[in-house]
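To start, the structure itself, in C-alpha cells.
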Amino acid sequence: MAVEARPKLDAHRLRADFPIFEREVNGKPLAYLDSAASSQKPRQVLDAMRTFYETSYANVHRGVYRLAEDATAGYEGARAKVAAFVNAPSEREVIFTRSATEGINLVAYAWGLDNLGPGDVVVVTELEHHSNFVPWQYVAKRTGAEFRAIPFDDAGELVLDALDEIASAGNVKVVANNLISNSLGTVNPSERLAAWAHEQGAIMVVDAAQAAPHRALDVQALGADFVAISSHKMCGPSGVGALWGRRELLEAMSPFNLGGEMIRSVKLDRTSWNELPYKFEAGTPAIAEAVGFGAAVDYLTDVGLDAIEQHEHELLAYALEQLGGIEGVICYGPPPERRAGIVSFNVGAIHPHDVAQVLDWEGIAIRAGHHCTQPLMTRLGVAATSRASFYLYTLPDEIDRLVAGVERVKKVLG
Amino acid sequence: MAVEARPKLDAHRLRADFPIFEREVNGKPLAYLDSAASSQKPRQVLDAMRTFYETSYANVHRGVYRLAEDATAGYEGARAKVAAFVNAPSEREVIFTRSATEGINLVAYAWGLDNLGPGDVVVVTELEHHSNFVPWQYVAKRTGAEFRAIPFDDAGELVLDALDEIASAGNVKVVANNLISNSLGTVNPSERLAAWAHEQGAIMVVDAAQAAPHRALDVQALGADFVAISSHKMCGPSGVGALWGRRELLEAMSPFNLGGEMIRSVKLDRTSWNELPYKFEAGTPAIAEAVGFGAAVDYLTDVGLDAIEQHEHELLAYALEQLGGIEGVICYGPPPERRAGIVSFNVGAIHPHDVAQVLDWEGIAIRAGHHCTQPLMTRLGVAATSRASFYLYTLPDEIDRLVAGVERVKKVLG
Amino acid sequence: MSEFDQLYREVILDHYKNPRGHGTMDDPDAGAEGMNPLCGDEVSIYVRFAEDQETIDEVKFAGRGCAISQAATSMLTEMVQGKRASDVAVLDKDELLEEIGIPLTPIRLKCAMLGLTTLKVALHKAKGTPLPQGIAGDDDLELK
Amino acid sequence: MSEFDQLYREVILDHYKNPRGHGTMDDPDAGAEGMNPLCGDEVSIYVRFAEDQETIDEVKFAGRGCAISQAATSMLTEMVQGKRASDVAVLDKDELLEEIGIPLTPIRLKCAMLGLTTLKVALHKAKGTPLPQGIAGDDDLELK
Ligand SMILES: Cc1ncc(COP(=O)(O)O)c(C=O)c1O
Ligand SMILES: Cc1ncc(COP(=O)(O)O)c(C=O)c1O
Chain A
0 MAVEARPKLD AHRLRADFPI FEREVNGKPL AYLDSAASSQ KPRQVLDAMR
50 TFYETSYANV HRGVYRLAED ATAGYEGARA KVAAFVNAPS EREVIFTRSA
100 TEGINLVAYA WGLDNLGPGD VVVVTELEHH SNFVPWQYVA KRTGAEFRAI
150 PFDDAGELVL DALDEIASAG NVKVVANNLI SNSLGTVNPS ERLAAWAHEQ
200 GAIMVVDAAQ AAPHRALDVQ ALGADFVAIS SHKMCGPSGV GALWGRRELL
250 EAMSPFNLGG EMIRSVKLDR TSWNELPYKF EAGTPAIAEA VGFGAAVDYL
300 TDVGLDAIEQ HEHELLAYAL EQLGGIEGVI CYGPPPERRA GIVSFNVGAI
350 HPHDVAQVLD WEGIAIRAGH HCTQPLMTRL GVAATSRASF YLYTLPDEID
400 RLVAGVERVK KVLG
Chain B
0 MAVEARPKLD AHRLRADFPI FEREVNGKPL AYLDSAASSQ KPRQVLDAMR
50 TFYETSYANV HRGVYRLAED ATAGYEGARA KVAAFVNAPS EREVIFTRSA
100 TEGINLVAYA WGLDNLGPGD VVVVTELEHH SNFVPWQYVA KRTGAEFRAI
150 PFDDAGELVL DALDEIASAG NVKVVANNLI SNSLGTVNPS ERLAAWAHEQ
200 GAIMVVDAAQ AAPHRALDVQ ALGADFVAIS SHKMCGPSGV GALWGRRELL
250 EAMSPFNLGG EMIRSVKLDR TSWNELPYKF EAGTPAIAEA VGFGAAVDYL
300 TDVGLDAIEQ HEHELLAYAL EQLGGIEGVI CYGPPPERRA GIVSFNVGAI
350 HPHDVAQVLD WEGIAIRAGH HCTQPLMTRL GVAATSRASF YLYTLPDEID
400 RLVAGVERVK KVLG
Chain C
0 MSEFDQLYRE VILDHYKNPR GHGTMDDPDA GAEGMNPLCG DEVSIYVRFA
50 EDQETIDEVK FAGRGCAISQ AATSMLTEMV QGKRASDVAV LDKDELLEEI
100 GIPLTPIRLK CAMLGLTTLK VALHKAKGTP LPQGIAGDDD LELK
Chain D
0 MSEFDQLYRE VILDHYKNPR GHGTMDDPDA GAEGMNPLCG DEVSIYVRFA
50 EDQETIDEVK FAGRGCAISQ AATSMLTEMV QGKRASDVAV LDKDELLEEI
100 GIPLTPIRLK CAMLGLTTLK VALHKAKGTP LPQGIAGDDD LELK
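Protein chains in written order, with numbering that gives the first Met the number 0: chain A, 0 to 413; chain B, 0 to 413; chain C, 0 to 143; chain D, 0 to 143.
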C-alpha cells in the first residue's frame with residue numbers, strides 16, 4: 000500500500016496568480032522576500048473586491064433593500080469563512096478589526112481597563128511584536144498593574160523556567176504571546192503558556208498575525224481566550240483583521256469603540272449594547288475589505304495550509320544553510336524544526352539598511368530594521384537586523400539571488 | 000460684463016463612472032437613494048486601488064526597497080490629498096482612521112480619559128449620530144463628567160438658547176456636533192458652537208462625516224479642534240477615514256491604539272511615541288484604502304464641491320415639494336436653505352421598513368430605521384423614519400420614481 | 000399577485016391590521032421587552048400561565064413595528080397558546096417561519112423573530128433558565 | 000560606476016569608514032540624543048561653543064547607524080564648525096543634502112537627517128528656543 004505523499008505546492012504556478020510579479024525592479028524580476036511585513040495579493044482576492052464594489056456595495060446590516068441585503072450577505076459570509084478558517088466555535092465570536100494590532104488593543108482596553116489593577120501582573124515576552132507589547136505596557140501603567148516579560152534564550156526560544164518567578168510577583172491576569180515571532184520565526188509554546196495562564200486564573204491573548212498565514216490555526220486547540228490575526232499578511236487586503244474571543248469573556252466585557260451598529264438602544268441617560276459580534280464593531284466596518292479577507296481565506300484553503308507550511312519549511316532550511324555558509328553572516332533564531340519561514344541575519348558590522356539597499360539594486364526586497372521588536376533587538380544586542388521572509392509564492396531561486404546579493408553587499412560595503 | 004454661471008454638474012455623465020448603475024434590481028434600474036449611509040464608487044477609485052495592489056503594494060514606512068518606497072509614496076500622497084481637501088494647515092495633523100466613528104473614539108479616549116473628570120461637562124446635541132454621541136456618553140461615565148445634550152426645535156434646528164443653562168452645569172470641556180445631520184439634513188451652526196466652546200475653554204469636535212462628501216470643508220474656517228470624516232461616504236472605499244486635529248492638542252495627548260509604527264522607542268520599562276501623525280496610527284494601516292481615499296478626493300475635486308452642493312440642493316428642493324404633496328406624508332427637518340440633500344419622512348402610520356420594502360420592488364433603495372440617531376427619533380416621537388438621500392449621481396427622475404413608489408406603498412399597506 | 004406582493008399576502012395584512020393578542024396585561028406571570036437594534040422597534044410581551052404554571056394560557060404584546068414583525072408576533076400569540084412553556088422556550092424558529100409562510104431575507108427575518116425572541120427571554124427569565132446563545136436578553140450593560 | 004553605486008560613492012564610504020567628529024565629549028555646552036524610529040538607530044550629539052557662547056567650536060557624535068546616516072553626520076560635524084548656533088538651529092536641510100550630493104528616497108532621507116535633526120534639538124534646548132514643527136524632540140511621553 001503506497002503512502003500518499005503530502006500534496007506539494009507549486010510556487011511557480013501560484014505566482015501567476017499574483018500580478019505584482021509582472022513588475023520588474025531596477026530591470027530585475029522582483030524577488031519579494033518581505034512577506035512577514037505584508038503579503039502580496041492574488042487576482043482572486045482583487046477580483047472578489049472589485050466585483051463586490053461593482054455589483055453589491057451598500058452599507059451593511061440596516062438596509063431593507065436588495066443591495067444592502069447583498070452587501071450584508073457578503074460581509075457576514077466573510078465572517079463565516081474566517082470563523083471556519085480559525086475553527087472558532089461560533090461566528091459570533093469573530094470580530095472584524097482593522098488589523099491584528101487593533102484586535103489586541105480591543106482586548107487591552109475593553110478587558111484590561113476593567114479587570115486590571117495594583118497587585119495584578121501583565122505578562123508578555125521579550126520576543127513580542129510591539130503590537131502585543133506596548134498595549135499591555137500601556138494598560139498596565141494606566142491601571143497600576145505590574146508589567147513583566149518572559150525572556151528568551153540565545154536560540155531565540157522562550158525560557159519557561161522564568162514563569163515561577165513571574166507568578167510570584169502578584170496575581171497574573173493576562174499572558175500575551177505571539178504564536179510565531181515575526182523577527183526570529185520562533186514557533187512559541189503558546190499552548191503551554193495558555194495552560195499556565197489558566198492555572199493562574201489569567202486570560203491568554205495570542206497574537207497569531209504571523210502564524211495564520213503560514214499554518215493551520217485552531218483557536219480551540221490552542222486553548223487561548225483571544226486570538227488576533229490580520230488579513231494583509233495572508234493574501235488579503237489591508238485595512239481588515241479579525242479577533243476571535245471566547246463568548247463568555249466578550250459578553251462580560253465593556254465595548255471598545257462606541258458608535259453606530261454596536262448599540263441596542265441609545266437614550267440620553269442610558270445606553271445598551273448590541274449582541275455579539277456587533278457590540279465590538281462600531282461604525283461602518285471595512286466592508287469590501289472583509290469580503291476580500293474572505294476570498295483570501297478561500298485562496299489559502301484551496302492551496303492548503305499544510306502544503307504552505309511544508310513549502311516554507313523547505314525554503315527556510317535552504318536559506319539557513321546558504322546564508323549560514325557566507326563568511327561574516329550571522330543568522331538569529333532557532334533551528335528549522337521549531338521555526339517558520341523567517342530569517343533574521345546580519346552581515347558583519349554592515350548596517351541592515353545598507354544591506355537592504357544594495358539588495359534592492361538586484362530587485363530583492365528584504366526588510367531592515369527592528370521589525371517592531373525593539374526589546375528583542377535589545378536582547379540580541381543589535382539595533383537592527385536584515386530579515387528575509389517567505390510565502391507560498393517564494394522560489395528557491397530567489398534565495399540563491401539573496402545569497403549572491405549578500406556577497407555583493409560585502410563587496411560594496413565590507 | 001457677463002457673470003459666469005456656476006458650472007453645473009452633469010449627473011447623467013457622472014453616472015457612467017459608477018459600475019453599480021449597470022445593475023438592475025428586480026428588473027428595474029437601480030435608484031440608489033441611500034448615499035447618506037454610504038456612497039457608490041467610481042471606476043477611477045476602484046482602478047487606483049487595483050493598480051496600487053498590482054504594481055506598488057508593500058507595507059509602508061519601514062522598507063528600504065523600491066516597492067516599499069512606492070507604497071509609502073502612495074499612502075503619504077493620499078494623506079497630502081486629504082489634508083488639502085479639508086484645508087488642514089499641515090499633513091502631520093491628518094490621521095488615517097477606519098471611519099469617522101473611529102476618529103471620534105480616538106479623541107474621546109485619548110483626549111477624554113486624561114482631561115475629563117467630575118465637575119466637567121461634555122456637551123453633545125440631540126441630533127447627533129450615535130458615533131458622536133455614545134463615545135462621549137461613555138467617556139463621561141468613565142470619568143465622572145456630566146453629559147448634556149443641546150436640544151433641537153420642531154424644524155430640526157439646534158436651540159442655542161439652551162447653551163447658558165448648559166454652561167451653568169460645570170466646566171464645559173468638550174462640545175461635539177455633526178456639521179450636517181444624517182437624519183434630517185440640518186446644516187448645523189458648528190462654527191458658532193466652536194466659538195462658544197472656546198469661550199468656555201472647551202475643545203470642539205466636529206463630525207463632518209455627512210458634510211465632507213457634499214460641500215467644501217475648511218477645518219480652519221470652521222474653528223474646530225478635531226474634525227472627523229469617512230471615505231466610504233465620499234466615493235472612496237470602506238475601511239478608511241481621517242481625523243484632523245490641532246497639532247498642539249495632538250502632541251499633548253496620549254496615544255490611542257498602541258503598537259507598531261506609533262512608537263519611537265520601546266524598552267521594557269519605558270516607551271516613547273513617534274512624531275505626528277504616526278503616533279496615532281498603530282499597526283499596519285488601511286494602505287490601499289488610503290490610496291483609494293486619495294483618488295476619491297481627486298474625483299470629488301474634479302467634479303467640484305460647489306457643483307455637488309448645488310446639484311443636491313436642487314434635488315432636495317424638488318423632493319421636498321414632491322413628497323410633501325403626497326397625502327399622509329410627513330417630512331421632517333428644516334427648510335431647503337439650511338439643509339443638505341437628505342429627506343426623512345413617514346407615510347402615515349406605515350412602518351418605514353414596509354415603505355422601504357415596497358420601494359425595493361421598484362428598484363428604489365432608501366433607508367428605513369433610526370439612522371443611528373435614536374435620541375433624535377425619541378425627540379421626534381417616532382421609532383424610525385424612511386430616508387432618501389442624494390449624491391452627485393442622483394437624477395431628478397429618481398425622485399419621480401420615489402414619489403410613484405410611495406403611492407404604491409399606500410396602496411399595498413394603507 | 001406578483002412574487003413581491005406575496006410578502007404582504009392577505010393573511011399577513013390581516014394579522015397586521017387586526018393583530019391578535021394585542022394589548023397589555025396586569026401582573027403577568029412572565030414578561031420581557033425586546034428591541035430590534037436595526038430599526039429601533041420595541042415590543043413588550045406578557046404571558047399568563049395556566050394553573051400548572053407551565054401551560055401557556057394567554058400571550059399579549061404591545062409595541063410598534065413593521066407589518067412583518069406585527070403579523071409574526073400576532074400569529075405567535077395564537078400559535079403558542081396552550082403549549083408548554085418549556086417547549087416554547089426552545090421553539091425552533093422554523094416552526095414560526097412555516098406559519099408565516101413567506102420567504103424572508105436575513106434582515107426581515109430579524110423583524111419576524113422579534114416577538115419570538117422576546118417571548119423566549121420572558122419564559123427563560125420566569126423559569127430561571129439561561130438564555131440560549133444568540134439572544135442578547137434585556138440585561139446588557141447600562142451606562143447609568 | 001552604476002547609478003546605484005553612486006549612493007555609496009567614494010566620499011560617502013570615506014566618511015562612513017573614517018567618520019570625522021566621532022566620539023563623545025565631557026560637559027558639552029549642548030547635547031541631545033536622537034533616534035530613527037524606523038530602524039532603531041540612535042545618535043548622540045555633543046556641542047562645544049566658543050567663548051561667545053554662540054559660535055560652534057566643535058561637534059562630536061556617537062551611536063550606530065547605516066552608512067548614509069553615519070556619513071551624513073560626519074559631514075555635518077565639519078560643515079557646522081565655526082557657524083553660529085542660531086543659524087545652524089534653522090539650517091535648511093537642503094544645505095546638508097547638497098553636501099551629501101546623492102539622490103535619496105524619502106526613507107533614506109530620514110537616515111541622512113538623523114544627525115542634523117538631533118543637532119537642532121541640542122541647540123534649541125541649549126538656547127531655550129521652541130522646537131520647529133516636525134521635530135519630535137526627545138521629550139515625548141514616557142510610560143514610567
Ligand atoms: C453624521 C454621521 N456621523 C458619523 C457617521 C459614522 O461614520 P462611519 O460610517 O465612518 O463610521 C455617520 C455615518 O454613518 C454619519 O452620518
Ligand atoms: C507577530 C506580529 N504581531 C502583530 C503584527 C501587527 O499586525 P498588523 O500589521 O495587523 O497591525 C505583526 C505585523 O506587523 C506581526 O508580525
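For glycine and all other residues, C-beta sits at the position ideal for the given N, C-alpha and C.
Asked, Found
"CB contact below 8 angstroms: Ser73(C) versus chain A", "no"
"Straight-line Cα distance separating Ala125(D) from Cys371(B)", "53 angstroms"
"Cut-off 8 angstroms between Cβ atoms - residues of its own chain near Met74(D), not counting five sequence neighbours on either side", "His14, Arg19, Leu95, Glu98 and Ile99"
"C-beta contact flag for Arg214(B) and Glu274(B) at 8 angstroms", "no"
"Any beta strand (DSSP E) of 3 or more consecutive residues that is wholly inside the segment 70-137 of chain B", "93-96 and 119-124"
"Cross-chain neighbours of Thr71(A) in chain C, by beta carbon under 8 angstroms", "Pro105 and Ile106"
"Residues bridged to Arg147(A) (per DSSP)", "Val122(A)"
"Where His14(D) sits in the DSSP three-state scheme", "helix"
"Any C-beta of chain B under 8 angstroms from that of Tyr45(C)", "no"
"Touch test, the segment 159-178 of chain B against the segment 122-133 of chain B, Cβ-Cβ under 8 angstroms, three pairs minimum", "yes"
"Separation of Leu113(D) from Ala287(B), as counted between CA atoms", "29 angstroms"
"Cβ pair Tyr277(A), Glu250(A) closer than 8 angstroms", "no"
"beta-carbon Asp33(A) near ligand 2 non-hydrogen atom, thresh 7 angstroms", "no"
"Tyr317(B) - DSSP class collapsed to helix/strand/coil", "helix"
"Beta-carbon proximity of Asp40(C) to Ser85(C), cut-off 8 angstroms", "no"
"Counterpart residues of Arg386(A) in DSSP-defined beta bridges", "Ser343(A) and Arg366(A)"
"Reduced DSSP secondary structure (H/G/I, E/B, other) of Arg63(D)", "coil"
"Segment limits, alpha helix (DSSP H) that includes Lys92(C)", "Lys92 to Ile99"
"Buried/exposed call for Arg12(B), threshold 16 Cβ in 10 Å", "exposed"
"Contact belief for Thr100(A) with Asn58(B) at Cβ below 8 angstroms, rounded distance in angstroms", "No, Thr100(A) and Asn58(B) are not in contact; Cβ-Cβ is about 12 angstroms, not under 8 angstroms."
"Start and end residues, alpha helix (DSSP H) containing Cys110(C)", "Pro105 to Lys126"
"Pairwise C-alpha distance: His231(A) and Met48(A)", "14 angstroms"
"Contact set between the segment 251-263 of chain A and chain C, restricted to residues whose Cβ is under 7 angstroms from the partner", "Ser253, Ile262 and Arg263"
"Under 8 angstroms between C-beta atoms of Val205(A) and Asn170(A)", "no"
"CB contact below 8 angstroms: Cys234(B) versus chain A", "no"
"Contact test: Gln373(A) Cβ vs ligand 2 heavy atom, cutoff 7 angstroms", "no"
"Reduced DSSP category for Glu23(B) - H, G, I as helix; E, B as strand; rest coil", "strand"
"Closer than 9 angstroms at the beta carbon, the chain A residues around Leu130(C)", "Result: empty, since nearest Cβ-Cβ is about 10 angstroms, beyond 9 angstroms."
"Straight-line Cα distance separating Gln219(A) from Phe84(A)", "12 angstroms"
"Secondary structure of Glu414(B), DSSP reduced to three states", "What the structure shows of chain B is the stretch from 0 to 413, and residue 414(B) is not part of that stretch, so it cannot be assessed."
"Those runs of the beta strand (DSSP E) which lie wholly inside the segment 217-280 of chain A and span at least 3 residues", "225-229, 240-244, 262-266 and 269-272"
"Chain A within 8 angstroms of Arg83(D), Cβ atoms only", "no"
"Residues of its chain near Lys27(A), where Cβ-Cβ distance is below 7 angstroms and the 5 sequence neighbours each way are ignored", "Glu361 and Gly362"
"Sequence-distant residues of the same chain with beta carbon closer than 7 angstroms to Thr283(B), five excluded per side", "Asn58"
"Counted within 10 angstroms of its Cβ, other Cβ atoms place Gly81(D) as buried (16 or more) or exposed", "exposed"
"Helix, strand or coil at Met0(B) [DSSP, three-state]", "Below a pLDDT of 50, predicted positions are generally treated as unreliable, and Met0(B), at 45, falls in that range; the measurement from the model is reported next regardless. Reduced to three states, the DSSP call for Met0(B) is coil."
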